[in-house]
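Peer 1: I am attaching a structure below and will ask some questions about it afterwards.
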Amino acid sequence: MKTTRKRYSAEFKAKVAMEAIRGDLTLAELAAKHGIHHTMIGAWKRQAMEGLASLFDNGDQSSKAASEAEIEKLHAKIGQLLVERDFLAKASGR
Numbered sequence: 000m001k002t003t004r005k006r007y008s009a010e011f012k013a014k015v016a017m018e019a020i021r022g023d024l025t026l027a028e029l030a031a032k033h034g035i036h037h038t039m040i041g042a043w044k045r046q047a048m049e050g051l052a053s054l055f056d057n058g059d060q061s062s063k064a065a066s067e068a069e070i071e072k073l074h075a076k077i078g079q080l081l082v083e084r085d086f087l088a089k090a091s092g093r
């Protein structure tokens, strides 16, 4: 008989991870409370702790994406200017 893996919502994972981070209960106590294995809670806690830093880097990410878009636009403009220069040089007989 094949058993299916249970999938947990992001909200549930966040709630359990926050309880683990608070440290009011041990991982084993949290596992018993929610009916899941303690290693899952440890993994969710670790993911939450690693992901916290990225919450505060959002401004850097959006400015990085904006600067990459600006660079792409400038590269296109350079290509256009090079084509125009070559056309004008050829037309003038150089």
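If you read the sequence shown in numbering that gives the first Met the number 0, its first letter stands for residue 0, the second for the next number, and so on. C-beta atoms are modelled at their ideal positions from N, C-alpha and C, and glycine is treated no differently.
1. Please go through the same chain and pick out, in chain order, the residues whose beta-carbon is closer than 6 angstroms to the beta-carbon of residue 3, but skip the five residues on each side of it.
2. Let me check understanding here. Comparing Cα to Cα, which of 16, 72, 54, 66 lies closest to residue 46?
3. May I ask you to report which of helix, strand or coil DSSP gives residue 23?
4. Just how far apart, CA to CA, sit residue 22 and residue 1?
5. Since I believe residue 37 is in contact with residue 27 (beta carbons under 8 angstroms), could you give me their beta-carbon distance rounded to a whole number of angstroms?
6. Given a threshold of 16 other Cβ atoms within 10 Å of its Cβ, counted over all protein chains shown, does residue 87 qualify as buried or as exposed?
Peer 2: Inspection of the coordinates gives the following:
1. Here residue 3 refers to the residue found at position 4 when the sequence shown is read from its first residue. Contacts found: none.
2. Mapped onto the sequence shown, residue 46 falls at position 47. Closest by C-alpha distance to residue 46, out of 16, 72, 54, 66, is 16.
3. Walking along the sequence shown from the start, residue 23 turns up at place 24. Look at residue 23 here: in three-state DSSP terms it is coil, with no helix or strand label.
4. Counted from its first residue, the sequence shown places residue 22 at position 23. Counted from its first residue, the sequence shown places residue 1 at position 2. In a straight line, the C-alpha of residue 22 is about 36 angstroms away from that of residue 1.
5. Along the sequence shown, read from residue 1 onward, the residue named residue 27 stands at position 28. Along the sequence shown, read from residue 1 onward, the residue named residue 37 stands at position 38. Between residue 37 and residue 27 the Cβ distance is about 5 angstroms, and since that is below 8 angstroms, they are a contact.
6. By 1-based counting over the sequence shown, the position of residue 87 is 88. Within a 10 Å sphere around the beta-carbon of residue 87 sit fewer than 16 other beta-carbons, which makes this residue exposed.
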